[in-house]
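**Q** Before anything else, here's the structure in question.
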Amino acid sequence: MTKGDFAYWWSAPGEWVEPPNERRNGWSGMMRVPDGERILYVKRQRNHMCRTWRHPLGWPTASREWSYLHRLRELGVPAPAPVFHDVRRTPEGVEAVLVTEELVGFRALDDQHDLDPTHRAALASEVGRILGRLHGARLQHSSLYGKHIMVRWDGERPQAALIDLEKMRPRLTRRLAADHDLEQLARRQHVLKSEDWATLVRAHAESMASV
Numbered sequence: 392m393t394k395g396d397f398a399y400w401w402s403a404p405g406e407w408v409e410p411p412n413e414r415r416n417g418w419s420g421m422m423r424v425p426d427g428e429r430i431l432y433v434k435r436q437r438n439h440m441c442r443t444w445r446h447p448l449g450w451p452t453a454s455r456e457w458s459y460l461h462r463l464r465e466l467g468v469p470a471p472a473p474v475f476h477d478v479r480r481t482p483e484g485v486e487a488v489l490v491t492e493e494l495v496g497f498r499a500l501d502d503q504h505d506l507d508p509t510h511r512a513a514l515a516s517e518v519g520r521i522l523g524r525l526h527g528a529r530l531q532h533s534s535l536y537g538k539h540i541m542v543r544w545d546g547e548r549p550q551a552a553l554i555d556l557e558k559m560r561p562r563l564t565r566r567l568a569a570d571h572d573l574e575q576l577a578r579r580q581h582v583l584k585s586e587d588w589a590t591l592v593r594a595h596a597e598s599m600a601s602v
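Each step along the sequence shown adds one to the number in my numbering, with nothing skipped, and position 75 is 466.
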């Protein structure tokens, strides 16, 4: 087996960071797998499907995520680098693997505690900027919680990235995409204060208008 084979990634040893959970009449789990000097995340699924207008009979959610990882790269929205993806049909059903690189030095937005007002404002502006680019393309994350926004500090400057794209979908308008995600994030995040949220909304509007 080689790294270009489905079977290699289906059986590669590692540590479960998200043990297989059963839903959508199938299961999905995520492993942390060492690969030389880098760490990879390997999502394995069986019969974990979604339906879209392009795939009315079903499509692995890992395939949808693979597609949107490449779309975000085109948009300049940071996300894990895609490494490998494939699907196979077996007697047990449809199996899929998705391999991405670790976001080195990043921690979840939910973990950004004890920031002073200046750093919180910078973080809010950066999150608003990348979400504006996403929504400007009429894309909705659909699961925008603090744990799905990753942050790395380069000195005084934050860089944000999005993860867990398996529920991402296009909307008819950018406003629909933005309203859903921002309302969801506002309810679930507990790091940004009200004044920081206003900064996020301003940066979001400016970024969305530029797409």
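Glycine residues also receive a C-beta, built at the ideal position from the N, C-alpha and C atoms.
Just to confirm the assignment, what range does the beta strand (DSSP E) spanning Leu-550 have?
**A** A small fix is needed here, since residue 550 is Gln in this sequence, not Leu. From DSSP, the beta strand (DSSP E) with Gln-550 extends over 548-553.
**Q** Can you check whether the CB of Leu-506 is closer than 8 angstroms to the CB of Leu-363?
**A** For the chain, the structure presents residues 392 to 602; residue 363 sits outside this window and is missing.
**Q** Got a sec, what are the start and stop residues for the alpha helix (DSSP H) Gln-575 sits in?
**A** Counting along the chain, the alpha helix (DSSP H) containing Gln-575 begins and ends at 565-579.
**Q** If you measure from the CB of Ser-585, is any heavy atom of the ligand MG nearer than 7 angstroms?
**A** Questions concerning the ligand MG fall outside what the structure shown contains, since it holds no ligand whatsoever.
**Q** In chain order, what residues of the same chain have a beta carbon less than 6 angstroms from the beta carbon of Leu-553, not counting five sequence neighbours either side?
**A** Ala-470
**Q** Out of Phe-475, Trp-444, Glu-406, Thr-590, state which residue places its alpha-carbon closest to the alpha-carbon of Thr-393.
**A** Phe-475
**Q** Counting only runs that start and end within the segment 396-434, where is the alpha helix (DSSP H) found for 4 or more residues in a row?
**A** 397-402
**Q** The alpha helix (DSSP H) spanning Asp-507 covers which residue range?
**A** Run containing Asp-507: none; DSSP gives neither H nor E here.
**Q** Just verifying my parser: in three-state terms, what is the DSSP assignment at Trp-450?
**A** strand
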